[in-house]
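Enquirer: Chains as they are written, first to last, in full-length UniProt numbering: chain A, 1 to 268; chain B, 1 to 278. The beta carbon of each residue, even a glycine, is placed where N, CA and C say it ideally should be. Questions regarding the structure given below will be posed in turn.
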Amino acid sequence: MTTTSTTDPIILAEGLTKAFGSSPGRFRRRRTTDGGFTAVDGIDLRIAPGELVGYIGPNGAGKSTTIKMLTGILTPTSGLLRVAGFEPQRDRVRLARRIGVVFGQRTTLWWDLPLKDSFTLLQRLYRIPPDRFGENLAYYTAALDLGEFLDRPVRQLSLGQRMRGDITAALLHDPAVVYLDEPTIGLDVVSKHAVREFLSDLNQRTGTTILLTTHDIADIERLCSRVVAIDHGRVTYDGSIDDLRADRDLETVVRELYLGRSLVDTTE
Amino acid sequence: MADTTTEPDDRPLWGPTAYLLLVRIWMRAASQYRVSLLLTTVAQLFTTCLDLIAILVIYSHVRTIGGFTLPETLYLYGTTRLAFAVSDALASGVENLATMIRLGNFDLVLIRPVSSLAQVLADQFTPKRFGKLAAPVLTLGWAIDALPLHWTAAKAAVAIGTVVCGLVLYCALWVLTGCISFIAVDAQEVANSFTYGSENATEYPLSIFGRPLGLALTFVLPVAFVTWQPSLYVLGHPDPFGLPEFLRFASPAAAAVLSGLAALAWRACIRHYRSTGS
Ligand SMILES: Nc1ncnc2c1ncn2[C@@H]1O[C@H](COP(=O)(O)OP(=O)(O)O)[C@@H](O)[C@H]1O
Ligand SMILES: [Mg+2]
Chain A
1 MTTTSTTDPI ILAEGLTKAF GSSPGRFRRR RTTDGGFTAV DGIDLRIAPG
51 ELVGYIGPNG AGKSTTIKML TGILTPTSGL LRVAGFEPQR DRVRLARRIG
101 VVFGQRTTLW WDLPLKDSFT LLQRLYRIPP DRFGENLAYY TAALDLGEFL
151 DRPVRQLSLG QRMRGDITAA LLHDPAVVYL DEPTIGLDVV SKHAVREFLS
201 DLNQRTGTTI LLTTHDIADI ERLCSRVVAI DHGRVTYDGS IDDLRADRDL
251 ETVVRELYLG RSLVDTTE
Chain B
1 MADTTTEPDD RPLWGPTAYL LLVRIWMRAA SQYRVSLLLT TVAQLFTTCL
51 DLIAILVIYS HVRTIGGFTL PETLYLYGTT RLAFAVSDAL ASGVENLATM
101 IRLGNFDLVL IRPVSSLAQV LADQFTPKRF GKLAAPVLTL GWAIDALPLH
151 WTAAKAAVAI GTVVCGLVLY CALWVLTGCI SFIAVDAQEV ANSFTYGSEN
201 ATEYPLSIFG RPLGLALTFV LPVAFVTWQP SLYVLGHPDP FGLPEFLRFA
251 SPAAAAVLSG LAALAWRACI RHYRSTGS
């Protein structure tokens, strides 16, 4: 609309804003006129199909709030938002089949049932054709090494195993867009590595668009060609990772971003 | 046969189908703990019989209460209880909503491509909820057998309609109480006294509350429609409050109106859902 781009973005946000009504015991740094708190403050974002974008920023910057608007969980206070052609909050149920979501701190799996049972239920809920489901399950079982615990109740799995199960659960229906909110949080080095390699492969093999939130520099370095940084609900950097680390090492630059220094003014 | 359906299979799974799928998986999860399940089911059975015993004890001292005989009272009790027990079995997953919201797990409900209501109603479904059905079924069976009534097709239809409308009405109330947990996550206690409280109110003949309260219950709380009005027709009992005849058959309308309200309220709650900071 405003800018010309070779492909239509699969995620498009213009002036995306979320203000929470005032609630006791929260930070009150940014106040809106009605006494609320603006967690996301006028974000512009265009993500093309097939991009793998690292979405970074300090705790409380507004990353999870953005993702919750992109999935339709939260209704934006203002701004325009389109994901895969849908308006997330309004078309939430239909959009749900086009997206996959992984929350690092939560599990979508059924605690008391074998991992496999969660997958077969998801097949029904997402109406995945049986042959497609079989192929995908076989692929993810091999790629994420699920074989040895597929028949074990989820409550008995280690964090790393459960996360691999959750990632599979988010992908079985071949979503066009995947959001991962801190998927590597709390994982050991080996599991982190496995998840990283897997995501990179997923993006390259299927062209799935991935938006990844992480505090791990190595995740960003290994995976993301593009980085969007936010702080206090505003975009402080949006560009390629190579530009970001052009003259200094990535860790220093990211630390500066986290300290609230804006490297590039993208809002113009 | 030739498959001529060109409809793109883009539609979400139908709510009731999703509900049944989820009920099945929750039941399977519950059956992992077999002993505890058996014990709680038995306990459930006994506690639901306690009210019944109280009614029998009262009637061992008096012949009628507010002009109603024992079988008539048991009929009122049985229909209300049955409607409530079925709604309880179907919809009390709503009770977990406050916890889901507080822990942020309701987010996960909203990322699935099926009705959020179906997911919430089915939440933590356990077979023990069926234990609550035994007492009302037995009571109603006994009351119908003991009532000196000449059953007509119309009366039978109204009797069945009473239970169905009551059940729908209670489900709508469950959903509305769920909406309360969106507004105030800690208000679940209040919400419970609302559903359970109104159930106790219609269980006994309304006339023992006196006219003002009876009228209030009829109009302020649509719950009175559940058994009272249609049951007056079935029992061939004049209305002690002298309300117009057509109200005997207004239950379906009341159930429909309240269901509509509940559906609207639920939508509004989803739209204004705030999630939690993580
Ligand atoms: N449901 C909510 N109600 C009120 N404030 C919230 C809510 N969710 C998030 N916030 C606030 O919004 C800000 C951004 O939160 P969040 O998006 O979770 O940050 P991040 O994921 O970047 O760490 C935080 O200050 C947080 O306290
Ligand atoms: Mg977060």
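List in chain order: all unbroken alpha helix (DSSP H) runs of 4+ residues lying wholly within the segment 71-139 of chain B.
Expert: As far as the segment 71-139 of chain B is concerned, its whole alpha helix (DSSP H) runs of at least 4 residues are 97-103, 106-110 and 116-122.
Enquirer: Can you have a look at residue 27/A and say buried or exposed, based on whether 16 or more other CB atoms are within 10 angstroms of its CB?
Expert: Residue placement at residue 27/A cannot be trusted, given a pLDDT of 43 that sits under 50; the coordinates are not used to answer.
Enquirer: For a test of the three-state rule: what should DSSP assign to residue 182/A, helix, strand or coil?
Expert: If DSSP states are grouped into helix, strand and coil, residue 182/A belongs with coil.
Enquirer: Just reading off the beta strand (DSSP E) that residue 98/A is part of, what are its end residues?
Expert: Taken as a continuous stretch (DSSP letters only), residue 98/A belongs to no beta strand (DSSP E), as it is neither H nor E.
Enquirer: Taking C-beta pairs closer than 9 Å, name the residues in chain B that residue 124/A reaches, listed in chain order.
Expert: The contacting residues are 13, 17, 18 and 21.
Enquirer: Would you report the Cα separation of residue 188/B and residue 92/B, rounded to the nearest angstrom?
Expert: Because the pLDDT of residue 188/B is 47, which lies under 50, any placement of that residue in the model is unreliable, and the number read from its coordinates should be weighed accordingly. Computed Cα separation, rounded: 12 Å.
Enquirer: Just the C-alpha distance for residue 130/A and residue 123/A, rounded to the nearest angstrom, thanks.
Expert: Approximately 8 Å between the Cα atoms of the pair.
Enquirer: For the segment 68-88 of chain A, which residues have a beta carbon sitting closer than 8 Å to at least one beta carbon of chain B?
Expert: Per Cβ criterion, the list reads 68, 71, 72, 73, 74 and 75.
Enquirer: At a CB distance below 9 Å, what residues from the segment 257-276 of chain B approach chain A? Give them in sequence order.
Expert: Of all residues in the segment 257-276 of chain B, 270, 271, 272, 273, 274 and 275 have a Cβ within less than 9 Å of some Cβ in chain A.
Enquirer: Could you list the residues in the segment 121-132 of chain B with a C-beta less than 9 Å from some C-beta on chain A, going in chain order?
Expert: So the list is empty, because no residue satisfies the distance condition.
Enquirer: To which residues of the same chain is residue 80/A closer than 8 Å at the C-beta, ignoring the five residues directly before and after it?
Expert: Taken in chain order, the residues that qualify are 12, 13, 14, 15 and 16.
Enquirer: So who's on the other strand from residue 55/A, going by DSSP bridges?
Expert: Paired residues: 213/A and 228/A.
Enquirer: For residue 71/A, collect the residues of the same chain with a Cβ closer than 7 Å to its Cβ; drop the 5 residues on either side in sequence, then sort them by chain order.
Expert: Only 88, 99, 101 and 179 meet the Cβ criterion.
Enquirer: Alpha helix (DSSP H) containing residue 201/A: first to last residue?
Expert: Its alpha helix (DSSP H) spans residues 189-206.
Enquirer: For residue 83/B, tell me which candidate among 36/B, 12/B, 126/B and 163/B has the shortest Cα-Cα distance.
Expert: Among 36/B, 12/B, 126/B and 163/B, the Cα nearest to that of residue 83/B is on 163/B.
Enquirer: Thinking residue 61/A and residue 232/A are a contact (beta carbons under 8 Å), I'd like their distance in whole angstroms, please.
Expert: Their Cβ separation, rounded to whole angstroms, is 7 Å, which keeps residue 61/A and residue 232/A in contact under 8 Å.
Enquirer: Under 6 Å Cβ to Cβ from residue 13/B, same chain only, skipping five residues before and after it: list those, please.
Expert: Excluding sequence neighbours, residue 13/B sits near 114.
Enquirer: Going by DSSP in three states, residue 254/A sits in which element: helix, strand or coil?
Expert: Helix at residue 254/A.
Enquirer: Roughly how far, in whole angstroms, is the beta-carbon of residue 121/B from the beta-carbon of residue 273/B, given that I think they are within contact range, below 8 Å?
Expert: The pair is not a contact, with the Cβ atoms about 17 Å apart (cut-off 8 Å).
Enquirer: Any idea what DSSP makes of residue 126/A, helix, strand or coil?
Expert: Coil.
Enquirer: Output yes or no for whether 8 Å exceeds the beta carbon distance between residue 167/B and residue 36/B.
Expert: Result no, Cβ atoms of residue 167/B and residue 36/B do not sit closer than 8 Å.
Enquirer: So, does the CB of residue 29/A fall closer than 8 Å to a CB anywhere in chain B?
Expert: At residue 29/A, the pLDDT of 45 sits below 50, so the modelled position is not reliable; the number obtained from the coordinates is stated separately. Taking Cβ atoms only, chain B never reaches closer than 8 Å to residue 29/A, which makes this a no.
Enquirer: Do you know whose CA, among 112/A, 161/A, 187/A and 168/A, lies nearest residue 25/B's CA?
Expert: Residue 25/B has its Cα closest to that of 112/A, out of 112/A, 161/A, 187/A and 168/A.
Enquirer: Please classify residue 204/A as buried or exposed, where buried requires at least 16 other C-beta atoms within 10 Å of its C-beta.
Expert: Looking at its Cβ environment, which holds fewer than 16 other Cβ atoms inside 10 Å, residue 204/A is exposed.
Enquirer: Taking 7 Å as the cut-off, is the beta-carbon of residue 8/A closer than that to any non-hydrogen atom of ligand 2?
Expert: Checking the Cβ of residue 8/A against ligand 2 gives no.
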